[in-house]
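Colleague: If you scroll down you'll find the structure; I have some questions about it.
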Amino acid sequence: MKYKFIFIIIALVFAIGCKGKKKDVYYCPMHPDYTSDRFGQCPICNMDLVLKEEPKSNDAHDPHKETAADAKQEDNNTLILNEEKQALIGIKTEMAENRKISKTIYSSGTVAYDPDLYTALVEYKEILKNPIADSSSNQVASAARVKLTQLGLSDEQIRYYSSRNPSELISGRKGSSLIFSQIYEKDINLVKKGMPIKVTSSSFPDKIFVGTIISLDAVLDSQNRTLRAHSIVKDPSNLLKPQMFADVEISVELDDALTVPSSAIINTGRHRIVYTRVSNDRFRPVCVITGAESDQYVQIIEGLEEGDEVVTEANFLLDSEAKMNLKSMPSMKTHKHE
Numbered sequence: 005m006k007y008k009f010i011f012i013i014i015a016l017v018f019a020i021g022c023k024g025k026k027k028d029v030y031y032c033p034m035h036p037d038y039t040s041d042r043f044g045q046c047p048i049c050n051m052d053l054v055l056k057e058e059p060k061s062n063d064a065h066d067p068h069k070e071t072a073a074d075a076k077q078e079d080n081n082t083l084i085l086n087e088e089k090q091a092l093i094g095i096k097t098e099m100a101e102n103r104k105i106s107k108t109i110y111s112s113g114t115v116a117y118d119p120d121l122y123t124a125l126v127e128y129k130e131i132l133k134n135p136i137a138d139s140s141s142n143q144v145a146s147a148a149r150v151k152l153t154q155l156g157l158s159d160e161q162i163r164y165y166s167s168r169n170p171s172e173l174i175s176g177r178k179g180s181s182l183i184f185s186q187i188y189e190k191d192i193n194l195v196k197k198g199m200p201i202k203v204t205s206s207s208f209p210d211k212i213f214v215g216t217i218i219s220l221d222a223v224l225d226s227q228n229r230t231l232r233a234h235s236i237v238k239d240p241s242n243l244l245k246p247q248m249f250a251d252v253e254i255s256v257e258l259d260d261a262l263t264v265p266s267s268a269i270i271n272t273g274r275h276r277i278v279y280t281r282v283s284n285d286r287f288r289p290v291c292v293i294t295g296a297e298s299d300q301y302v303q304i305i306e307g308l309e310e311g312d313e314v315v316t317e318a319n320f321l322l323d324s325e326a327k328m329n330l331k332s333m334p335s336m337k338t339h340k341h342e
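Structure below.
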């Protein structure tokens, strides 16, 4: 009887111990919805499953150095990954830095041929021949000048063509060619008068025609969502012919700006998110507002400060981990440094 009682107690203790131990859960970093109770491979992508870890307690932090709001933010928005898991998924980081960045804008263009602009300029010249039209108050002359401005001529160009043969707008100048190029709406803020351009044509693949932007249209093309740039390129042999297609490259040099590598940005469709390292094993998603983009870097307008450490590789895997473990993701309100 005594041994039977001892056996029952041992069995109860063992049962309680087994009940208190949680089963291991493994998941696929690329497909976090797939889980398993044992190590193996994801049936979707054949990637090794990763052990899901329970969030660590924040007791190790000094309670005197954080407020209740800070603790809540830590719980909700901080992802904890040990060094082993970081190495497994290949996390790499870089600092947000102020850099001078350059960007090349590629555009389609044509050698100038604009009968509407030619006609408007001829009409304007005819109006100027009328002595009454010399007055700045003359509405007809003002309307004609506004039309020329809307068609992309600057005041300097209007003065130039007013004293010359407007046929240059169709046949070009001797020794140079006028190029019309289409600038996409997203790049309009970067393109300015005076910027250098390079023009190539499939008709002359071994030649590069260099020149300068002389003006930009005042009105956007509502159908193509582009703005027309007017440029003059050197063409000593007058190889380029009106209406010939051309490829245009515009080199843009930007001032110092806070930037991160392009690979650090995760575009969710609604927001752009960057993962920052806040300590050796802690990462936090931050919404950022971005600006100009070069081939390698993206300007950060709001959300980060110089010296912030951002994840540049494996951030999509980190994002999958975060969606599984974080109670909340960052809203459009960006984080601010104290």
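According to the numbering used here, the stretch in the sequence shown is residues 5 to 342, in order.
Just so you know, even glycine gets a beta-carbon here, dropped at the ideal spot from N, CA and C.
None of the values given here were measured: they were computed from a predicted structure.
Can you tell me which of the three DSSP states L125 falls into?
Modeller: Looking at L125 - three-state DSSP - the assignment turns out to be helix.
Colleague: I'd like to check one pair, V314 with T280: are the Cβ atoms closer than 8 Å?
Modeller: A contact, by the Cβ cut-off of 8 Å.
Colleague: Excluding the 5 residues flanking D260 on each side, which residues of the same chain have their C-beta closer than 6 Å to its C-beta?
Modeller: Once the five neighbours on either side are set aside, the close Cβ partners of D260 are N102, K104.
Colleague: Check whether chain C comes within 8 Å of N271, counting only Cβ atoms and requiring the distance to be less than that.
Modeller: The displayed structure is made up of one protein chain only, and chain C is not part of it.
Colleague: Which of the three DSSP states is assigned to Y165 in this structure?
Modeller: Here Y165 sits in helix by DSSP.
Colleague: Classify D28: buried if its beta carbon has 16 or more other beta carbons within 10 angstroms, exposed otherwise.
Modeller: That one is exposed.
Colleague: How would you label G179, buried or exposed, when you count the other beta carbons within 10 angstroms and need 16 or more for buried?
Modeller: When all chains shown are included, G179 counts as exposed.
Colleague: How about L243 and V278: do their beta carbons lie closer than 8 Å?
Modeller: Not a contact, by the Cβ cut-off of 8 Å.
Colleague: Report the three-state DSSP secondary structure of N271 (helix, strand or coil).
Modeller: If DSSP states are grouped into helix, strand and coil, N271 belongs with the strands.
Colleague: Since I believe S106 is in contact with K129 (beta carbons under 8 Å), could you give me their beta-carbon distance rounded to a whole number of angstroms?
Modeller: Contact flag wrong, Cβ pair sits at about 41 Å.
Colleague: Only counting the same chain, and skipping five residues up and downstream in sequence, which positions put a Cβ closer than 8 Å to that of K76?
Modeller: Its pLDDT being 40, under 50, K76 is placed unreliably in this model, and the value from its coordinates should be taken loosely. Hits under 8 Å: none found.
Colleague: Mark D97 as exposed unless 16 or more other C-beta atoms lie within 10 angstroms of its C-beta, in which case mark it buried.
Modeller: Note that residue 97 is Thr in the sequence shown here, rather than Asp. Per the 10 Å Cβ criterion, buried.
Colleague: Enumerated in chain order, which unbroken segments of the alpha helix (DSSP H) with a length of 4 residues or greater are wholly contained in the stretch 229-279?
Modeller: Whole alpha helix (DSSP H) segments, 4+ residues: zero.
Colleague: Output the boundary residues of the alpha helix (DSSP H) element that contains Q227.
Modeller: From DSSP, Q227 is part of no alpha helix (DSSP H); its letter is neither H nor E.
Colleague: The beta strand (DSSP E) with T216 in it runs from where to where?
Modeller: Start and end: 208-220.
Colleague: For the alpha helix (DSSP H) that I187 lies in, which residues bound it at each end?
Modeller: Note, I187: premise wrong, no alpha helix (DSSP H); beta strand (DSSP E) at 180-188.
Colleague: Would you mind reading off the limits of the beta strand (DSSP E) that contains T316?
Modeller: Run containing T316: 313-317, per the beta strand (DSSP E) assignment.
Colleague: Can you check which of these residues, E257, R274, I293, I93, is closest to D299 by C-alpha distance?
Modeller: It is E257 whose Cα lies nearest to the Cα of D299.
Colleague: Report the CB separation of Q45 from L55 in whole angstroms; it is logged as a contact under 8 Å.
Modeller: In fact, because the Cβ distance is near 14 Å, the residues do not count as touching under 8 Å.
Colleague: Determine the burial state of A91: buried for a count of at least 16 other Cβ atoms within 10 Å of its Cβ, exposed for fewer.
Modeller: By the 10 Å Cβ count, A91 comes out exposed.
Colleague: For F249, is the classification buried or exposed, using 16 other Cβ atoms within 10 angstroms of its Cβ as the cut-off for buried?
Modeller: F249 comes out exposed.
Colleague: Distance check for M199 and V237, CA to CA, integer angstroms please.
Modeller: Taking the straight line joining both Cα atoms gives about 12 Å.
Colleague: Which residues does DSSP pair with R288 in a beta bridge?
Modeller: In DSSP, R288 forms a bridge with T280.
Colleague: For P47, count neighbouring Cβ atoms within 10 angstroms of its own Cβ and tell me buried if that reaches 16, exposed if not.
Modeller: With fewer than 16 other Cβ atoms within 10 Å, it is exposed.
Colleague: When the Cα atoms are used, what is the spatial distance from R276 to A233?
Modeller: Those two C-alpha atoms are separated by around 31 Å.
Colleague: Going by DSSP in three states, V29 sits in which element: helix, strand or coil?
Modeller: In this structure, V29 counts as coil in the three-state DSSP scheme.
Colleague: Just to check my reading of the structure: I270 and D323 have Cβ atoms closer than 8 Å, yes? What is that Cβ distance to the nearest angstrom?
Modeller: Right, the Cβ-Cβ distance comes to about 6 Å (below 8 Å), so this counts as a contact.
Colleague: Can you check which of these residues, G295, S235, F213, I212, is closest to D221 by C-alpha distance?
Modeller: Taking only the C-alpha atoms, the option nearest D221 is S235.
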